[in-house]
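Notes follow the structure.
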Amino acid sequence: MLSTALYVTLALVVMALLMNLYRLTIGPSLPDRVLALDTMYVNSIALIVLLGLWLNSKTYFESALLIAMLGFISTVAVCKYILRGDIIE
Amino acid sequence: MSVIVEALISLLLIAGGIFVFIGSLGMAHLRDFYMRLHGPTKATTLGIGCMLIASMLYFWSVDGKPDIQELLITLFLFITAPVSAHLLAKSGLHLRLKHADKTQGKPVELRPEEVGDKPVPHPDKGHG
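If you read the protein sequences in the order shown, they are chains X and L.
At the far end of the first sequence sits residue 89, using this note's numbering, and the numbering has no gaps.
At the far end of the second sequence sits residue 217, using this note's numbering, and the numbering has no gaps.
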């Protein structure tokens, strides 16, 4: 039961990543692309969690935490650049 | 692992996958940046929370002791998602992106001193 659920969830997350890639490619404006990248790192955290469930190891959760922090900081930096033309004033 | 715990973990995993999929579907499909902002900021955050709780339950039932690492990731994502959504909405309003007719709260409804092209001078001029 668990392995079937794992495969279904993996398929759903991969399809979500493909749709994020579509929006990142055609996105008509800059905030659309930033939003697509933001969603892509959240979905990559989901993939890492599913990989940890699949391999039955907890090694990869530190990398998930690292991706969460760095993704948030990069989104905030790009938004500050769009808003103010500068990141650290 | 008992059958009930396994069913609960499977249910949380599939619910998380469906929420993540719906969030990305909304972002790929809707017409307007301000509409597209809704999908990833709400549905994707809930989905990733479901998946992380499922992972925490799985390792709790395998190892026999709870682990706080996944809860930390969940908490961090739940704190940071509204902040990044707020900043993205502000940058969309700043760039004056096109919006559909149904979208409420247009940039022209802001206060007049926040609309102009020129930057508003700061009232505190005490730099000299």
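Glycine is no exception: its CB is placed at the ideal position from the N, C-alpha and C atoms.
In this text, all values refer to a predicted model and were calculated from it rather than measured experimentally.
| Item | Value |
| --- | --- |
| Tell me, please, whether the segment 93-104 of chain L touches the segment 114-131 of chain L by the rule of three or more beta-carbon pairs shorter than 8 Å. | no |
| Using a Cβ-Cβ cut-off of less than 9 Å, give me the residues of the segment 123-134 of chain L that come near chain X, in sequence order. | R125, L126, G128, P129, T130, T133, T134 |
| Do L:S144 and X:V42 come within 9 Å of each other at the CB atom, strictly closer than that value? | no |
| Rounded to a whole number of angstroms, what is the C-alpha to C-alpha distance between X:S44 and L:I107? | 15 Å |
| Chain L beta carbons: is any one of them nearer than 9 Å to that of X:I82? | yes |
| Looking at chain L, is there any beta carbon in it that lies within less than 9 Å of the beta carbon of X:V55? | Here residue 55 of chain X turns out to be Leu, not Val, going by the sequence shown. Output row for X:L55: interface = no. |
| Indicate whether the contact test is met: 3 or more Cβ pairs, each with one atom in the segment 23-40 of chain X and one in the segment 175-191 of chain L, closer than 8 Å. | yes |
| With DSSP collapsed to three states, give me the class of X:T59. | coil |
| So, at 8 Å on beta carbons, what are the nonlocal neighbours of L:K126 in its own chain, with the 5 sequence-adjacent residues on each side left out? | The identity of residue 126 of chain L in the sequence shown is Leu, whereas the question assumes Lys. Correct list, in chain order: A174, L177, A178, G181. |
| Can you grab the Cα-Cα spacing for the pair L:T192 / L:R185, in whole Å? | 13 Å |
| Is there a Cβ of chain X sitting closer than 9 Å to that of L:I137, yes or no? | yes |
| Between L:M124 and the rest of its own chain, which residues show a CB-CB distance below 6 Å, the 5 nearest in sequence each way excluded? | none |
| Between which two residues does the alpha helix (DSSP H) containing L:M140 stretch? | 134-152 |
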